[in-house]
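*Asks:*
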Amino acid sequence: DPNYDPSDWHEAMKRALIWGDEIPIGKFFERTDLPSLVQSEPILEGEPLAHRQLRTPREVVQGFVAELI
Numbered sequence: 038d039p040n041y042d043p044s045d046w047h048e049a050m051k052r053a054l055i056w057g058d059e060i061p062i063g064k065f066f067e068r069t070d071l072p073s074l075v076q077s078e079p080i081l082e083g084e085p086l087a088h089r090q091l092r093t094p095r096e097v098v099q100g101f102v103a104e105l106i
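Residue numbers (my numbering): 38 to 106.
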């Protein structure tokens, strides 16, 4: 719907509750008055964290984990 406003919380909630023959997909709600999570946490930019090379040596990480267990 080209007239849909993703900043309208009430319309987003109505759309999120539609179910049956028609199931909407996509972005229902977006806040533009606050920075996104990626903008707030620059470490999240780029590839997924799980696919990145560790900067901390594996032995150090294993030591931290061992202390927690």
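Ideal placement from N, C-alpha and C gives every residue a C-beta, glycine not left out.
Can you tell me the Cα-Cα spacing of Thr69 and Gln76, whole angstroms?
*Replies:* The residue labelled residue 69 in the question sits at position 32 within the sequence shown. The residue labelled residue 76 in the question sits at position 39 within the sequence shown. So the alpha carbons of these two residues sit roughly 12 Å apart.
*Asks:* For Pro43 versus Phe65, is the C-beta distance shorter than 8 Å?
*Replies:* In the sequence shown, residue 43 corresponds to position 6, counting from 1. In the sequence shown, residue 65 corresponds to position 28, counting from 1. Yes. Within cutoff.
*Asks:* Leaving out five residues before and five after Tyr41 in sequence, what residues of the same chain have Cβ atoms less than 6 Å from its Cβ?
*Replies:* To locate residue 41, count along the sequence shown from 1; it is residue 4. For Tyr41, where only same-chain residues beyond five positions count, there are no Cβ hits under 6 Å.
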